[in-house]
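K.L.:
2 protein chains.
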Amino acid sequence: MPDTRPSARELIAAHGGRVTRARVAVLEVLGSAHTPLSHEGIASALEEGGETFDRVTLYRTLEWLVEQGIATRIAGSERAWNFELVDRHGHHHAHFHCQRCGRVTCMEEVAPALAGALPPGFSLAQAELVLHGACAECNRS
Amino acid sequence: MPDTRPSARELIAAHGGRVTRARVAVLEVLGSAHTPLSHEGIASALEEGGETFDRVTLYRTLEWLVEQGIATRIAGSERAWNFELVDRHGHHHAHFHCQRCGRVTCMEEVAPALAGALPPGFSLAQAELVLHGACAECNRS
DNA sequence: TTGCTGATGCAACATTGTAGCATTTGTGCG
DNA sequence: CGCACAAATGCTACAATGTTGCATCAGCAA
Ligand SMILES: [Mn+2]
Ligand SMILES: [Mn+2]
Ligand SMILES: [Zn+2]
Ligand SMILES: [Zn+2]
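Read top to bottom, the protein sequences are chains S and P.
1349 is the number that the working numbering gives the last residue of the first sequence; the numbers go up by one with no jumps.
1349 is the number that the working numbering gives the last residue of the second sequence; the numbers go up by one with no jumps.
1) Does the CB of Pro1210/S have a neighbour CB from chain P at under 8 Å?
2) Would you report the Cα separation of Ala1335/S and Ala1279/P, rounded to the nearest angstrom?
3) Write down the C-beta distance between Leu1254/S and Leu1293/S rounded to the nearest angstrom, noting that I regard them as a contact closer than 8 Å.
4) Could you name the residues of the same chain whose beta carbon sits closer than 8 Å to that of Leu1326/P, not counting the 5 residues immediately before and after it, in chain order?
5) Name the two residues that bound the continuous alpha helix (DSSP H) containing Ile1278/P.
6) Could you spell out where the beta strand (DSSP E) holding His1247/P opens and where it closes?
7) Using the Cβ count rule (16 or more neighbours within 10 Å means buried), how would you classify Leu1242/S?
8) Can you confirm whether Leu1337/P, when its beta carbon is compared against all beta carbons of chain S, has any partner nearer than 8 Å?
9) So Val1312/S is in the beta strand (DSSP E); what residue range does that whole segment cover?
10) Ordered along the chain, which non-local residues of its own chain (more than five positions away) have a Cβ less than 8 Å from that of Met1209/P?
11) Taking Leu1232/S as part of the alpha helix (DSSP H), name the residues at either end of that continuous run.
12) State the beta-bridge partners of Gln1334/S as determined by DSSP.
13) Residues in the region 1266-1290 of chain S with C-beta within 7 Å of chain P's C-beta atoms, listed in sequence order?
14) So with Cβ pairs under 8 Å, would you call Ser1331/S a contact of chain P?
15) Tell me which same chain residues have a C-beta within less than 8 Å of the C-beta of Pro1214/S, skipping the five on either side of it?
16) Taking C-beta pairs closer than 8 Å, name the residues in chain P that Ala1344/S reaches, listed in chain order.
17) What does the alpha-carbon distance come out to for the pair Gly1249/S and Ala1288/P?
Following this line, the structure appears as structure tokens:
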């Protein structure tokens, strides 16, 4: 049975973008990550794989992935964004930020449950639920 | 009937801090604001009142207020924090960020409703629900 | 009033991200 | 394949938002 998921190259081309070294590499990093990654984290992962890019190129690559709806940006620990693939989780879930170790964990089970309680006139584009506390691993020590 | 809310001076002293010009002024600005304010917004409001402080002093004052539990920090528009008094709303409510005008509105009616669905081992300190979209005023135009 | 300690101001630095522009590189086409 | 052209990259400079170190100032208790 063949893998039905599109390869990085196919995914990029399907969105009308050029298949560049940067996009392929970033997609592969995000695809094999199990938590949302910061720009910094992505750069480190790339370097371990022997690939280096200019800081700006990375920012632009991530921006493009978000514009295309391939990745999402979620508020991570202080002031830096974290990125993850959309198809990885279906992109409507909360995130848990551990105040001790700083890691961000996806919480598939916790739903915002807004119940359409917005005041009249307001329109919602996206909800972002971030939980702050201590993760299981940190609580053990 | 006397005002039962503590004055800025009393509030500061009750927390064991020195009653300084900066703390009193910032508390008054936050106390009369009807939306969360950014560091920038606070500085502007202070200047209109004829009070100016060093940028760093403002940061440290706000940091102190948050540490003392007097104010809270909520994620505002891109990369800057917004501040509001805790007692103003009881501090467990969502915030709406308008992607057009950038304003942040308190949503008393929208509750996170987490339902204690956290995975075992995780402990929650604070939940932060930020809604992104267009506010009523922007939707009218 | 005085002295101690916390708070402030100033300068320098850090982090995270953007903008402009020359150069390189993917891609479609002959 | 080899070209031409637009898209993507790299570099430099800049912007926004905070933070750190350190000398000075000022609240407050005695
Ligand atoms: Mn996630
Ligand atoms: Mn609020
Ligand atoms: Zn942790
Ligand atoms: Zn608006």
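Glycine is no exception: its CB is placed at the ideal position from the N, C-alpha and C atoms.
As the structure is a prediction and not an experimental result, all values here were calculated from the model.
P.N.:
In short:
1) Because Pro1210/S sits at a pLDDT of 47, beneath the cut-off of 50, its placement in the model cannot be relied upon, and the point is left open.
2) When rounded, the separation of the alpha-carbon atoms in Ala1335/S and Ala1279/P is 23 Å.
3) Their Cβ separation, rounded to whole angstroms, is 16 Å, which puts Leu1254/S and Leu1293/S out of contact at 8 Å.
4) Leu1332, listed in sequence order.
5) Taken as a continuous stretch (DSSP letters only), Ile1278/P belongs to no alpha helix (DSSP H), as it is neither H nor E.
6) Run containing His1247/P: none in the beta strand (DSSP E); it sits in the alpha helix (DSSP H), 1247-1256.
7) First, the amino acid is wrong: residue 1242/S is His here, not Leu. Exposed, since its Cβ has fewer than 16 Cβ neighbours within 10 Å.
8) The beta carbon of Leu1337/P falls within 8 Å of a beta carbon belonging to chain S, placing the residue at that interface.
9) 1312-1315
10) Any answer about Met1209/P is weak, because its pLDDT of 46 lies below 50 and its placement is not dependable; what the coordinates show is given next. Cβ within range, chain order: n/a, list empty.
11) With the sequence shown as reference, residue 1232/S is identified as Val, and Leu is not the correct amino acid for it. Its alpha helix (DSSP H) spans residues 1229-1240.
12) His1340/P
13) Ala1283, Arg1287
14) Ser1331/S counts as touching chain P.
15) Ala1222
16) Pro1327, Pro1328, Gly1329, Phe1330
17) 21 Å
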